[in-house]
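Participant: In our numbering, the protein residues as written are 146 to 465.
Where is the CB? At the ideal position from N, CA and C, for every residue including glycine.
This is the structure, below, for whatever I ask next.
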Amino acid sequence: MALGQNHTTVTRFILLGLTDQADEKQLLFAIFLLIYSMTLVGNLGMIDVIRASSTLHTPMYFLLSVLSFLDICNSSVFTPRLLISFLTTDQSISFAGCVAQMALMILHGTGECLLLAIMAYDRFVAICHPLLYHTIMSKRLCVQLVVVTYAMGVFISALQTGNAFILPYCGPNVIDHYFCDIPPVLQLACSDTTVANIILLFFSALVTVPTVSVILVSYAYILVTIYKMRSLEAQSKALSTCASHLTIICLFYGTITFMYAQPSSRTSMEQNKVVSVFYTVVVPMLNPLIYSLRNKDVKAALKRRCLGKLSSQPSVEHSI
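Right, dumping it as structure tokens:
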């Protein structure tokens with residue numbers, strides 16, 4: 146945006162990335178390419194298995210397939226750009242590209258927060274009100290909740306991105322990160338960022354406080370209900386249905402809390418890069434692994450899917 150002053154408006158930002166060592170870049174490229182490939186294969190495979198298996202056509206697995214889709218989108222916002230940075234010396238990103246990356250990051254991050262809360266509510270209904278489960282968590286309600294999730298994501302993303310880029314940027318233009326995150330971008334603004342930071346905290350709290358509250362209240366009721374169960378087998382089954390979701394919640398919120406709940410400093414910025422890699426690149430890869438390894442229904446459906454594909458091959462050859 147024009148400043149109307151004797152300043153040069155920033156048209157490109159420089160992302161310092163994870164490292165400037167050539168030998169490290171080659172190793173990191175191989176590692177992140179493997180992680181990204183596993184993310185795509187794992188999450189697309191999860192969506193395919195849920196779609197193909199009639200036993201998984203339940204609200205819980207519908208929401209899980211949406212989570213897998215979000216993980217694919219979220220990882221694709223960061224990883225391809227990061228892979229390119231390992232292969233080229235040009236670390237710049239256009240102003241518009243930085244805006245788009247931040248907007249997509251906030252959209253998918255907000256969506257994941259809301260979706261994890263919806264999944265916690267789903268587990269609450271399934272365990273605490275099993276007889277009413279399919280009445281309450283109808284297909285229509287699930288679709289409506291997903292639509293609301295994306296609508297809220299777009300709304301929060303527009304507000305947060307607009308809040309960051311309505312400020313003037315006239316230099317410097319070096320972002321000490323591998324993507325356009327809000328805090329390091331705000332540090333480059335040519336005007337006072339106090340109001341912008343307050344707005345950032347307010348809307349971040351607007352997303353995290355209600356979602357975390359829903360998760361905590363849901364699991365409080367779940368634990369009380371499980372404690373009251375007389376059958377150890379029923380308790381074990383109830384806990385197993387929640388274990389995967391709880392693991393994902395701990396990974397997601399644990400890393401985000403570590404990042405944004407500490408004071409900003411040079412050391413914390415370096416730590417934030419490492420933690421950011423975990424929740425933007427690694428967690429989307431782990432989610433399908435956690436659900437497939439800890440969930441008997443998913444493992445059984447995956448086995449049937451694989452065996453079905455193998456058994457269909459001879460019949461195709463025979464028909465030819």
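Measuring CA to CA, which of 310, 424, 232, 255 is closest to residue 158?
Facilitator: The residue you call residue 158 lines up with position 13 of the sequence shown. That would be 310, whose Cα lies nearest to the Cα of residue 158.
Participant: Give the C-beta separation of residue 440 and residue 381 to the nearest angstrom, bearing in mind that I take them to be a contact with Cβ-Cβ under 8 Å.
Facilitator: Numbered from its first residue, the sequence shown carries residue 440 at position 295. Numbered from its first residue, the sequence shown carries residue 381 at position 236. Incorrect: roughly 14 Å between the Cβ atoms, too far for contact.
Participant: Look at the alpha carbon of residue 400 and the alpha carbon of residue 321, and state the distance between them as a whole number of angstroms.
Facilitator: Along the sequence shown, one-based indexing puts residue 400 at 255. Along the sequence shown, one-based indexing puts residue 321 at 176. So the alpha carbons of these two residues sit roughly 19 Å apart.
Participant: If we call anything under 9 Å between Cβ atoms a contact, is residue 344 one with residue 304?
Facilitator: In the sequence shown, the residue the question calls residue 344 occupies position 199. In the sequence shown, the residue the question calls residue 304 occupies position 159. Taking 9 Å as the Cβ cut-off, residue 344 and residue 304 qualify as a contacting pair.
Participant: Taking only runs of the alpha helix (DSSP H) that begin and end inside the stretch 259–324, which ones reach a length of at least 4 residues, in chain order?
Facilitator: DSSP runs (the alpha helix (DSSP H)) wholly in the stretch 259–324: 278–281, 284–310.
Participant: Determine the direct distance from the alpha carbon of residue 257 to that of residue 358, and round the result to whole angstroms.
Facilitator: To locate residue 358, count along the sequence shown from 1; it is residue 213. To locate residue 257, count along the sequence shown from 1; it is residue 112. If you take the alpha carbons of residue 358 and residue 257, they lie about 15 Å apart.
Participant: Since residue 200 and residue 446 should fall inside the 8 Å C-beta cutoff, what is the C-beta to C-beta distance between them, to a whole number of angstroms?
Facilitator: Locating residue 200 in the sequence shown gives position 55, where the first residue counts as 1. Locating residue 446 in the sequence shown gives position 301, where the first residue counts as 1. The pair is a contact, with the Cβ atoms about 6 Å apart (cut-off 8 Å).
Participant: Under DSSP, the beta strand (DSSP E) around residue 230 begins and ends at which residues?
Facilitator: Mapped onto the sequence shown, residue 230 falls at position 85. Here residue 230 belongs to no beta strand (DSSP E); instead the alpha helix (DSSP H) covers 204–232.
Participant: Assuming residue 240 and residue 184 make a contact with CB atoms under 8 Å, what is their CB distance in whole Å?
Facilitator: Here the question's residue 240 lines up with position 95 in the sequence shown. Here the question's residue 184 lines up with position 39 in the sequence shown. Going by Cβ atoms, the distance from residue 240 to residue 184 rounds to 28 Å, so no, they are not a contact pair.
Participant: Which first and last residues belong to the beta strand (DSSP E) in which residue 158 is found?
Facilitator: To locate residue 158, count along the sequence shown from 1; it is residue 13. Here the beta strand (DSSP E) through residue 158 covers 157–160.
Participant: Distance, Cα to Cα, residue 268 vs residue 379?
Facilitator: Start at 1 with the first residue of the sequence shown, and residue 268 comes out as number 123. Start at 1 with the first residue of the sequence shown, and residue 379 comes out as number 234. Taking the straight line from one Cα to the other gives about 14 Å.
Participant: So, are the CB atoms of residue 238 and residue 325 less than 9 Å apart?
Facilitator: Stepping through the sequence shown from its first residue, residue 238 is reached at position 93. Stepping through the sequence shown from its first residue, residue 325 is reached at position 180. Yes, they are a contact pair.
Participant: Taking 9 Å as the cut-off, decide whether the C-beta atoms of residue 284 and residue 232 are in contact.
Facilitator: In the sequence shown, the residue the question calls residue 284 occupies position 139. In the sequence shown, the residue the question calls residue 232 occupies position 87. Taking 9 Å as the Cβ cut-off, residue 284 and residue 232 do not qualify as a contacting pair.
Participant: Who pairs with residue 237 in a beta bridge, going by DSSP?
Facilitator: Here the question's residue 237 lines up with position 92 in the sequence shown. Residue 237 is bridged to 159.
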